[in-house]
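The structure appears right after this line, and notes come after that.
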Amino acid sequence: MSKKVLMLHGYAQSASIFSAKTGGLRKSLAKAGYETIYVNAPMRLQSDQLHNPESESELYGWWQYGAPDYTVDDALETIQKAIEGQEIEGIIGFSQGAGLGGYIVAQYKKLIPSLKFGVFFSGFKLMPQRFEAAYVDKIELPSLHVIGELDTVVEEGRSLALWDVAQEDKRTMLKHHGGHFVPNSKDYVSKVLNWIASVTAEQEVKKAEVDDDDIFAAIDNMGKA
1 MSKKVLMLHG
11 YAQSASIFSA
21 KTGGLRKSLA
31 KAGYETIYVN
41 APMRLQSDQL
51 HNPESESELY
61 GWWQYGAPDY
71 TVDDALETIQ
81 KAIEGQEIEG
91 IIGFSQGAGL
101 GGYIVAQYKK
111 LIPSLKFGVF
121 FSGFKLMPQR
131 FEAAYVDKIE
141 LPSLHVIGEL
151 DTVVEEGRSL
161 ALWDVAQEDK
171 RTMLKHHGGH
181 FVPNSKDYVS
191 KVLNWIASVT
201 AEQEVKKAEV
211 DDDDIFAAID
221 NMGKA
């Protein structure tokens, strides 16, 4: 059974556009045994919501960009329907998709219990008060935060707000010299894949140790009833 990673696109993108923009990463994940699942966000954008109203593509958002107060109920419902019956091992998100991904990883036990890691390109913390409780207990899953030094759409301070709510021993930061995009060069793709391999291998070792402890405890308890 292949391992599965949920891919969450940014605002005014789509599953197909994000797949194309992450081609190098997607192919490397496939070589590592991961199936990538790209999902369209629930809100189809109208021409007056786009910077380029002449775009011929169908573009989507997880919520309305720039709205001071918003919910992610429709976004979560869309994702749950898309992954129903599947075990998702990781989330990789970009921009608005990374903000949503960080929120999901923060509540993975309730939303996607099978999750093992999150990768956030130009990610940010969801700021409306209704989301604050999700971050009280810091993100305990391994998280990779990829920040563009020239990103003017999601500025570094916003990405650091998400970084700050991740456990110190579980978070890793990776910077690139570009702006608001997913770096797709071999060098950066290798860094992301190496990080995923490292954290998942560590989790497997810990799981094996726990399983061994359970076996030894069961043996110790034999005949004590």
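Going by the UniProt record's numbering, the first residue of the sequence shown is number 1, and it counts up by one from there. Even for Gly, the Cβ is constructed at its ideal location relative to N, Cα and C. Values in this document were obtained by computation on a predicted structure and should not be read as measured data.
- Take Glu-202, set aside five residues on each side of it, and no residue of its chain has a beta-carbon closer than 7 angstroms to its own.
- Three or more beta-carbon pairs separated by less than 8 angstroms are not found between the stretch 99–109 and the stretch 15–24, which leaves the two stretches without contact.
- Of the candidates Ala-30, Ala-32, Ile-37, Tyr-11, Ile-37 places its Cα closest to the Cα of Val-5.
- Excluding sequence positions up to five before and after Ala-134, its CB lies within less than 7 angstroms of the CB of Tyr-103, Ala-106, Gln-107, all in the same chain and listed in chain order.
- For Phe-94, the enclosing beta strand (DSSP E) stretches over residues 90–94.
- The Cβ atoms of Phe-124 and Gly-99 sit closer than 8 angstroms to each other.
- A direct Cα-to-Cα measurement between Val-205 and Gly-101 gives close to 25 angstroms.
- The Cβ atoms of Ala-82 and Trp-62 do not sit closer than 8 angstroms to each other.
- Residues of the same chain with a CB within less than 6 angstroms of the CB of Tyr-34, apart from the 5 flanking positions on each side, are Lys-3, Val-5 in chain order.
- If you check the CB distance, Gly-157 and Gly-179 do not come in under 8 angstroms.
- Gly-10 and Gln-96 have their C-alpha atoms some 5 angstroms from each other.
- In the three-state reduction of the DSSP assignment, Phe-131 falls in the helix class, which pools H, G and I.
- Looking at the DSSP output, Arg-158 shares a beta bridge with no other residue.
- DSSP lists no bridge partner for Glu-149.
- In the structure shown, Gly-61 adopts extended strand secondary structure according to DSSP, grouped into three states.
- Distances from the CA of Lys-170 to each of Val-146, Ile-196, Ala-30, Glu-140 were compared; the closest alpha carbon is that of Glu-140.
- For Tyr-65, the closest alpha carbon among the candidates Val-182, Pro-113, Val-146, Leu-126 is that of Leu-126.
- Following the DSSP letters along the chain, one finds Leu-141 in no beta strand (DSSP E), marked with neither H nor E.
- Secondary structure note for Lys-81: its alpha helix (DSSP H) is the uninterrupted segment 73–82.
- Nearest Cα to Ser-57 within the set Ile-79, His-145, Ala-15, Glu-84: Ala-15.
- Closest in alpha carbon position to Val-146, among Glu-132, Ile-92, Asp-137, Val-199, is Ile-92.
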